[in-house]
Amino acid sequence: MTDNTDEEYALRLSYLEKTDPNSLAVARLYLEMASNHSPDQREEALALFDAADAIFALHLPTARDAAVAGLALSLNNRAALEIEAGEWDWAVDAACQAVELRQDRLRNCVGRKDDKERLDLGYSLAALVLALQGAGKLDLARDAACDAVEVLGAFAGMRNQDAFVLLTKLICIYADLCNQTGQLPDANVLLPLAKAFYSARGKS
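Start counting at 1 in the sequence shown, then tack on 652, and there's your number in our numbering.
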């Protein structure tokens, strides 16, 4: 982070902490600050992630959905930092926890649109794939990539650019991992996607 950014964060944090040092707003600011650190500032970033997570955990009994969403994002961004730093075991651990929390959030989307939760889970699964690849656990990375493609398959043929980009990248990664591990891609996962893409093309 630049000196100007540090100064701006310090002012915002000072203001928020005067109101309530354990508020979700403070936790989100800690998370934002942590996520803006580079791998060479890893220890600083991890301390901020820890501070954010501690506050999010305090709110689990009273504001569970917001707290779980915050924890999941924190773990996801922590995994991204560890991937950049090449700390593969820590990256796998953080990504696994983010996936578990986001799976729960998606399961709890009953009777309402779940696009955001589904896309969030896709990002965490993608982080898990990269972390497992880096750790040399290619079979597990392949399986996680397959799970990610299946989760994001609901977006196939839809006009959601972020989901489309992530899905196509993961299909390529999945195919490459299948090749590296001597496995054939799961046709039950890929064929419905091909049909959805083809149908959408016919409507455009």
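We put the beta carbon where it would ideally sit given N, CA and C, even for glycine.
This structure is a prediction, so every number in the text was calculated from the model and none was measured.
In this structure, the beta-carbon distance from Gln749 to Leu790 does not fall below 9 Å. Around Leu725, the same chain offers Leu683 as residues with beta carbons nearer than 7 Å, after the five sequence neighbours per side are excluded. Separation of Leu700 and Lys847 (C-alpha to C-alpha, rounded to the nearest whole angstrom) is 45 Å. In its chain, beyond the 5 residues on either side, Ala800, Leu818 and Leu822 have a beta carbon closer than 7 Å to the beta carbon of Ala778.
Given a length threshold of 4 residues, each whole run of the alpha helix (DSSP H) inside the stretch 800 to 844 is given here in chain order: 813 to 833. Look at the beta carbons and you see the stretch 729 to 740 touching the stretch 779 to 787: at least three pairs across the two are nearer than 8 Å. By a beta-carbon distance limit of 8 Å, Trp740 contacts Ala787. Their separation comes to about 4 Å. A Cβ-Cβ contact shorter than 9 Å links Asp772 with Arg757.
Between Phe708 and Leu676, the C-beta gap is smaller than 9 Å, which places the two residues in contact. The beta carbon of Asn812 sits closer than 8 Å to those of Asp767 and Leu771, all from its chain and outside the five residues before and after it, given in chain order.
If you check the CB distance, Gly805 and Leu845 come in under 9 Å.
Taking 9 Å as the cut-off, the beta carbon of Ala737 is found closer than this to the beta carbon of Pro691.
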